[in-house]
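For the sequence shown, full-length UniProt numbering begins at 1 and goes up steadily by one.
All C-beta atoms, glycine included, are put in the ideal place defined by N, C-alpha and C.
Owing to the predicted nature of the structure, the values given are computational and were not obtained by experimental measurement.
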Amino acid sequence: MCKESDYIHIIALARALRVPVLVEYMDRGEGGATHPHVFPEGSQPRVCLLYRPGHYDILYK
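Listed below in structure tokens is the structure:
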């Protein structure tokens, strides 16, 4: 497994719902850049979330 503990709840959500999840993590640095992570890795995400420190928002396309 060797996964970061920060992601364990998203991994559990993706497995429980059997839905790949994309999480865009906001950087607290300048420019508001995001860093994408897909769970499970290599899958085509069907749910997109934005993580801002303290909570998640659902992203709609």
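Excluding its 5 nearest sequence neighbours in each direction, residue 58 has C-beta neighbours in its own chain below 7 Å: 49, listed in chain order.
Note on geometry: alpha-carbon atoms of residue 24 and residue 41 lie some 14 Å from one another. Around the beta-carbon of residue 10, 16 or more other beta-carbon atoms lie within 10 Å, marking it buried. With 16 or more neighbouring CB atoms inside 10 Å of its own CB, residue 14 falls in the buried class.
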